[in-house]
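With my numbering as the guide, the letters of the sequence shown map in order to residues 3 to 255.
Each residue gets a CB set at the ideal place from its N, CA and C atoms; glycine is no exception.
For reference, the structure discussed in these notes is given below.
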Amino acid sequence: MPILPTEDELKQLPLRAIVAYAARCARRVQPDFQPKEDRYVAVVREAIVCAENFARADESKRVDVATIAAEAYRISRIHVAAATAYYAADATRHSIAAVRDSSAEAAEKTVNAALAAAMLTADAAPPNDRKEFVMAAAVRDYQNLVSLGLGSFPEPGKPVDASEKGPLGWFWPTHERLAGLSPREFRRSTAHVRAREMSLPGIEVFIDPGKASKEVVQAVLESLSDLHRATEGLGLEFAADELYVFATEEAPT
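This is how it looks when you write it as structure tokens:
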């Protein structure tokens with residue numbers, strides 16, 4: 003299972019990058035937050051947005067980050083998404099103080115808040131496979147942030163867009179929206195990606211279609227995948243090049 007970045011590793015990043023890391027962690031569990039009170043949804047959204055704005059140095063909207071963080075803290079026990087949003091806003095609050103006051107203590111608190119956001123996000127994923135994927139996504143964010151060369155700790159660093167439109171890309175390594183899937187749907191949706199991206203052992207089948215048409219081969223393989231699912235399997239993923247059709251399936255460790 004992937005290991006989340008440590009405190010020392012996060013200190014390889016400048017403050018804006020650390021806040022971006024926390025904001026993306028919060029975004030991954032945000033869709034799971036569906037309280038009865040709409041205002042709670044707004045609080046979580048505002049907490050994450052203020053972190054994203056700080057990360058990309060967007061000062062077009064002046065907000066009271068301390069107030070936003072305090073509001074998120076009040077509802078942090080309702081759901082882990084609210085708690086993670088609070089830590090993203092808290093990281094933002096401390097980063098602003100670190101820059102404004104040249105405070106080493108505030109910079110340290112930024113790191114601690116980001117660490118808490120990442121750990122909460124991982125713990126919020128009850129299915130084991132999903133937890134593994136959430137952690138892999140956080141690790142990928144960290145690695146990408148390091149590779150961007152945004153600056154050094156405890157400097158504010160260069161702006162970075164933490165959204166999916168920015169250089170860090172999709173929140174999920176699968177390029178799919180996985181929040182809300184049942185554990186079984188999650189396994190079926192990500193089995194082939196886990197095998198490929200997380201170096202899990204797998205089975206690869208190379209099929210020479212012979213003289214059969216593409217349509218015939220496709221029908222046979224789809225029937226095989228349906229049969230596999232009917233017997234409690236995860237199904238198969240197919241990919242073709244000019245010569246072969248490839249079928250991959252997750253294998254248990």
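(1) For D163 and D60, what's the separation of their Cα atoms in angstroms?
(2) Mind checking whether A87 and A124 have CB atoms under 8 Å apart?
(3) With a cut-off of 8 Å, do at least 3 Cβ pairs link the region 132-146 to the region 96-116?
(4) Please determine, among R102, K133, T94 and A84, the residue with the shortest C-alpha to C-alpha distance to Q32.
(5) Do G171 and K160 come within 8 Å of each other at the CB atom, strictly closer than that value?
(6) Just tell me which of R95, S105, S215 and N55 has its CA closest to the CA of R73.
(7) Would you call the region 41-48 and the region 6-22 in contact, with 3 or more CB pairs under 8 Å?
(8) With a threshold of 16 other CB atoms inside 10 Å of the CB of T192, please say whether the residue is buried or exposed.
(9) Kindly list the residues whose CB is nearer than 6 Å to the CB of V101, restricted to its own chain and excluding five residues on each side of it in sequence; keep chain order.
(10) Using only the alpha-carbon positions, how far apart do V43 and L122 sit?
(11) In three-state DSSP terms, what is F35?
According to the data block:
(1) By one-based count along the sequence shown, residue 163 stands at place 161. By one-based count along the sequence shown, residue 60 stands at place 58. Cα-Cα distance, rounded: 10 Å.
(2) Numbered from 1 along the sequence shown, position 85 holds the residue referred to as residue 87. Numbered from 1 along the sequence shown, position 122 holds the residue referred to as residue 124. No, the pair does not count as a contact, with Cβ atoms beyond the cut-off.
(3) no
(4) Along the sequence shown, one-based indexing puts residue 32 at 30. Cα-wise, what sits closest to Q32 is A84.
(5) The sequence position of residue 160 within the sequence shown is 158, counting from 1. The sequence position of residue 171 within the sequence shown is 169, counting from 1. Their beta carbons are not under 8 Å apart, which means K160 does not touch G171 by this criterion.
(6) Your numbering for residue 73 matches position 71 in the sequence shown. As written in the sequence, residue 73 is Glu, which differs from the Arg given in the question. With distances taken between Cα atoms, E73 lies closest to R95.
(7) no
(8) On the sequence shown, residue 192 is found 190 positions in, with the first residue counted as 1. At T192, the pLDDT of 48 sits below 50, so the modelled position is not reliable; the number obtained from the coordinates is stated separately. Buried.
(9) Locating residue 101 in the sequence shown gives position 99, counting from the first residue. P158, listed in sequence order.
(10) For the purposes of this step, residue 43 is identified with residue 41 of the sequence shown, where counting begins at 1. For the purposes of this step, residue 122 is identified with residue 120 of the sequence shown, where counting begins at 1. Spanning the two alpha carbons is a distance of roughly 18 Å.
(11) Translated into positions along the sequence shown, residue 35 becomes position 33. Coil, per DSSP.
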